[in-house]
DNA sequence: CTGAAAGCGCTTACAG
DNA sequence: CTGAAAGCGCTTACAG
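Protein chains in written order, with the working numbering: chain A, 1 to 343; chain B, 344 to 686.
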């Protein structure tokens, strides 16, 4: 058994270096190519001794079946595209970490696409050259075109964080409006009356829903927002937004569309605004990221349950793969009020 | 031009739904398969009108060349495996976000593998069935076996955060020891004399180097660590570690192996330990994550430059792909002392 | 400029 | 149980 083959020294180097092939193993083990293939196919008929021999030779040579060649035969690729946005805030990162783990655990290999919407469009176009088992899309603004392209290629799409009204698309999203209603309710019960709001990019449906949740709950109490600012879901964005808010009105509560901005808002209110939270000002967020529970902040917030979301994404994926033509399913995740010290 | 083909209603459903193929386009456009292929190959000879016609038909049908089939011809797959660890701390997340963007920007598609070392081993085995252009490995404990497997498959490996002494492996890592020396120097200049240390998992080479940097610099001043605790690189781990440290000695400085633990340590020292930072106790970290600069913390730390690291990973990747047989390159990144308020 | 044919690495009926 | 052959979707010499 020769481990080292002579280096390929043709005039033109091959574009990709040679990879050990079933034929190589067959020759080395003195069997047919078919036998090699069967050795790696669990149910296949093959003499036990022969299988052993093939497997050992393969091990020596470092051979493993080329998954891409195999997929040409019709097997699933186990490749799943995952479109994330800019990854600008901690909740995004937590989502990514949880999803990678869950996907890996069920033998799926996620290909990540990130960046601002402009570049994403091009990235998605490129990635669709691969026969993906599915495409998972996180929130964001990618829409119609993507669905259209994927349906032509028979690549199922699963949306997370956004409800799509399409008969054949699966999605999972948080009941944003209910979540915000709970938060505002808590503040009202605490006697707060003058509300400010820090929102995220207004193009996002989650933003629209969260704002609406706030406004409707306030309307029930015959109140409306005393001041309102749009920001970018980041900590520093939250700080800047709070500065603007404080210049506009004398508030006793600020509701933020996510935790990162809420932390920034709280930070600015305390350090630059010389306000104490919650005595002078209540601050609440949305998501329940790890930092919300840090003692420095003790942020009261609305949990956007990550584990449930990821678990549902995986269930939808498996169901979709098992039954490609099933109707699209919409899964709504129930948010949960987390009371800490900031309200 | 017929857009809708009759649904495939065989008794047995195909394992993967049909994907539009070059042959489909050829038939619809009335040209040969070769012509379709050429239409998508930039330099290829093809009548302009014909190319137009093919491209339009392809657009209508939603066709794009199957990248996997193409790769059988020897083209690069543009698929890059990325082995991350547990993604437990913010620096990991920042690294992932930056790498995704950089890779996407240069037309590479990262497949992420995460989780604890045990599961990772199996994941890597699976992912090697794909003809990856390269494998990028973040820190961690995956070692010899991986390098061996990859070299047999001719898949180049690039390590980040760890120096590998192997003639054909590229790696990029921070000068951890120098970084820690700078931090300790600063504390010594500030008059600190009684040092505690909070380390990460001791199996990691970066941990060994950072600890050594601290010890050697202290030795230069005829000092040694008054107390030392090992933790897990997390915020809560840092809190717990600080609790232990305070029980062991009366410190005036705590050096932490990363920022997340430093923030936790600072948090515990202030809230539970009733110490003020930096008056009673100096705290420094390593990495310079986003939260280190938040006003609540103002953490003095050693920047582990992310942009440079990622840029070097990409350069190494491109050089390796262009010159597969070049000798392995080791790139050392210079850390940078970031002075804030905690020292 | 163009089509028919070979071949990439694999799996899977097919015929022993 | 097993090997030779066909075929997955593509690209690229080859021969017009």
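We put the CB at the ideal spot given by N, CA and C, even for glycine.
Quick caveat, the model's predicted, so the values are computed rather than measured.
Taking 7 Å as the cut-off, the beta carbon of residue 282/A is found no closer than this to the beta carbon of residue 242/A. With a cutoff of 7 Å on beta-carbon distance, residue 405/B and residue 152/A are scored as near each other. A Cβ-Cβ distance of about 36 Å is found for the pair residue 98/A and residue 280/A, leaving them out of contact under the 8 Å criterion. Contacts with chain A at 7 Å (Cβ-Cβ) do not include residue 383/B.
The shortest CA-to-CA distance from residue 254/A to any of 300/A, 220/A and 296/A is the one to 300/A. Between residue 335/A and residue 175/A, the C-beta spacing is below 7 Å. Residue 453/B has 423/B as its beta-bridge partners, per DSSP.
The Cβ neighbour count for residue 131/A, taken over all protein chains shown within 10 Å, is at least 16; the residue is labelled buried.
DSSP places residue 388/B outside both helix and strand once states are collapsed to three, so it counts as coil.
In this model, residue 399/B and residue 378/B are separated by some 13 Å (Cα to Cα). Bounds of the beta strand (DSSP E) holding residue 628/B are 625-630. Residue ranges of uninterrupted beta strand (DSSP E) with 3 or more members, entirely inside the segment 427-513 of chain B and ordered along the chain, are 452-456, 477-481 and 500-503. Where residue 186/A is concerned, there is no enclosing beta strand (DSSP E), although the alpha helix (DSSP H) around it starts and stops at 176-189. Annotation for residue 44/A: 38 place their beta carbon closer than 7 Å to its own, counting only its chain and skipping 5 residues before and after.
Looking at the backbone, the Cα of residue 497/B and that of residue 391/B are separated by about 39 Å.
Not flagged as an interface residue toward chain A: residue 632/B, since no C-beta distance is shorter than 7 Å. The DSSP-derived three-state label of residue 235/A is helix. Taking 8 Å as the upper bound on Cβ-Cβ separation, chain B lies near residues 290, 291, 294, 295, 296 and 297 of the segment 290-311 of chain A. Going by beta carbons, residue 539/B and residue 588/B fall inside the 7 Å limit.
Given a length threshold of 3 residues, each whole run of the beta strand (DSSP E) inside the segment 192-268 of chain A is given here in chain order: 195-199, 227-230 and 253-256.
The three-state reading of DSSP puts residue 22/A in helix, counting H, G and I together. Neighbours of residue 541/B in chain A, taken as residues at a C-beta separation under 9 Å, are lacking, since the least C-beta distance is about 17 Å. In the three-state reduction of the DSSP assignment, residue 680/B falls in the strand class.
Counting C-beta pairs closer than 8 Å gives three or more between the segment 447-463 of chain B and the segment 100-108 of chain A, which meets the contact rule.
The Cβ of residue 457/B sits closer than 7 Å to at least one Cβ of chain A. Counting of Cβ neighbours within 10 angstroms places residue 199/A among the buried residues, the total reaching 16 or more. According to the DSSP assignment, residue 303/A belongs to the beta strand (DSSP E) that extends over 301-303. Between the segment 603-620 of chain B and the segment 547-562 of chain B there are fewer than three inter-stretch CB-CB distances shorter than 8 Å, so the stretches are not counted as touching.
In this structure, the beta-carbon distance from residue 81/A to residue 147/A does not fall below 7 Å.
For residue 361/B, the chain A residues whose C-beta falls within less than 8 Å of its own C-beta are 154, listed in chain order. Interface residue (Cβ-Cβ distance to chain B less than 7 Å): residue 130/A is classified as such. Taking C-beta separations shorter than 7 Å and ignoring five residues to either side along the sequence, the partners of residue 550/B in its chain run 542, 543, 544 and 600, following chain order. Only residues of its own chain outside the window of five on either side were considered, and among them 369 have a CB closer than 7 Å to the CB of residue 375/B, listed in chain order. Under the Cβ distance rule, residue 438/B does not count among the residues neighbouring chain A, no pair being separated by less than 7 Å. Burial is judged here by how many other beta carbons sit within 10 angstroms of a residue's own beta carbon; residue 361/B has fewer than 16 and is exposed.
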